[in-house]
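Number of protein chains: 2
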Amino acid sequence: MATSDIVKAIAFNADGLIPAIAQQHDSGEVLMVAWMNAESVAETLDTGQVCYWSRSRQTLWRKGESSGQTQRLVEMRLDCDADTLLLLVDQTGVACHTGRRNCFFRAVRNGELVTIAEVEIDPDELYGA
Amino acid sequence: MATSDIVKAIAFNADGLIPAIAQQHDSGEVLMVAWMNAESVAETLDTGQVCYWSRSRQTLWRKGESSGQTQRLVEMRLDCDADTLLLLVDQTGVACHTGRRNCFFRAVRNGELVTIAEVEIDPDELYGA
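Going line by line, the protein sequences match chains L and A.
Numbered by this note's numbering, the letters in the first sequence go through residues 546 to 674 in order.
Numbered by this note's numbering, the letters in the second sequence go through residues 546 to 674 in order.
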């Protein structure tokens, strides 16, 4: 089965995009959610390094290209409606642009929205001051 | 902090919706992704039972109302951009309408899209024949 056939099985939305969840393959930690288009899915499958589509910049977004915080693809999964991807990955360093390991660092606890994770890497170190 | 203040912190999309990942709180299994609007977020926080917004039916979708496969909310988390929710839940039975525990039962392995999970409950049992 060629990569193009796998891409054809995906139900991209009207903008040609699909949301992708990145999950650390061994711990089960949900790291982040971003979007992919057909080209980024194909590149991710072919290279084994996760590549998203940046909606704000309208370009391929090779995760970690500038920050070094790359994601190696362990397995790509597709849901029942083929409209969401689950990427089992091995995350180098931190997934979140805030310098936290994952993006889901705010939780509703006792009726308050609280920050539950510390910054591990100064964002200036990730992207330059 | 009132539920309405938490809802105000969420960056809903142009359609007033936000994607929500349901993850089994103890095992880390990613169960499904669905959408929520402000009303379903508020109901979920207030009742502790997960309620989505059905885009196809354009109604509140109280998960498990017809099938019995409910999701008890353990914790709601918000990502850095406030545009994705992570719901830590306790899933009764199966999350997927196909009768599988989770919706991500197709994986790309050795260049093929393969089914990696068995049906646990006949869908006819979930929704009536």
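Each residue gets a CB set at the ideal place from its N, CA and C atoms; glycine is no exception.
Note that the coordinates shown come from a computational prediction; the quantities given were computed from them, not determined experimentally.
What are the partner residues of residue i, as DSSP defines its beta bridges?
{"i": "D635(L)", "result": "R617(L)"}
{"i": "S599(A)", "result": "T604(A)"}
{"i": "R646(L)", "result": "According to DSSP, which records beta bridges pairwise, R646(L) is partnered with nothing at all."}
{"i": "I563(A)", "result": "M581(A)"}
{"i": "T660(L)", "result": "R651(L)"}
{"i": "V536(L)", "result": "Examination of residue 536(L) is not possible in this model, given that chain L is present from 546 through 674 alone."}
{"i": "A623(A)", "result": "Inspection of the sequence shows that residue 623(A) is occupied by Leu rather than by Ala. R651(L), L630(A), per the DSSP bridge assignment."}
Skipping 5 residues on each side, what residues in its chain have a beta carbon closer than 7 Å to that of residue i?
{"i": "R676(A)", "result": "Only positions 546 to 674 of chain A appear in this structure, which leaves residue 676(A) out of reach."}
{"i": "G593(L)", "result": "R617, L618"}
{"i": "Y672(A)", "result": "S611, S612"}
{"i": "T548(L)", "result": "A587, L590, D591"}
{"i": "T660(A)", "result": "F650, R651"}
{"i": "N655(L)", "result": "none"}
Enumerate in chain order the residues of its own chain whose CB-to-CB distance from residue i is below 8 Å, with the five nearest sequence positions on each side excluded.
{"i": "T589(A)", "result": "M581, V595, C596, L618, M621, L632"}
{"i": "E574(L)", "result": "Q568, R646, N647"}
{"i": "D667(L)", "result": "G644"}
{"i": "N558(A)", "result": "D628"}
{"i": "A554(L)", "result": "L623, A627"}
{"i": "A583(L)", "result": "V552, I555, F557, G561"}
{"i": "S585(A)", "result": "C596, Y597, W598, L605, W606"}
{"i": "L630(L)", "result": "I555, I563, P564, A565, I566, M581, V586, M621, R622, L623, D624"}
{"i": "A670(A)", "result": "In the sequence under discussion, the amino acid at residue 670(A) is Glu, which differs from the Ala named in the question. Counting only Cβ-Cβ distances below 8 Å, and skipping sequence neighbours, we find G644."}
Suppose the cutoff is 6 Å on Cβ atoms and the five residues either side in sequence are ignored; what does the same chain contact list for residue i look like?
{"i": "Q614(A)", "result": "T637, G638, V639"}
{"i": "A556(L)", "result": "A627, D628"}
{"i": "L658(L)", "result": "R651"}
{"i": "A662(A)", "result": "R645, F650"}
Report, in whole angstroms, the separation of the C-beta atoms of residue i and residue j, which I expect to be a contact under 8 Å.
{"i": "I551(A)", "j": "V664(L)", "result": "About 23 Å; that fails the 8 Å criterion."}
{"i": "G609(L)", "j": "Q603(L)", "result": "Contact doesn't hold; Cβ gap of about 19 Å is too wide."}
{"i": "L562(A)", "j": "W598(A)", "result": "6 Å"}
{"i": "A565(A)", "j": "V578(A)", "result": "7 Å"}
Report task. Would you check if the segment 646-666 of chain L and the segment 618-625 of chain L touch, i.e. whether three or more CB-CB distances between them fall below 8 Å? Result -> no
**Report entry** Touch test, the segment 632-646 of chain L against the segment 563-579 of chain L, Cβ-Cβ under 8 Å, three pairs minimum
**Finding:** With a cut-off of 8 Å, the segment 563-579 of chain L and the segment 632-646 of chain L count as touching, because enough Cβ pairs lie within range.
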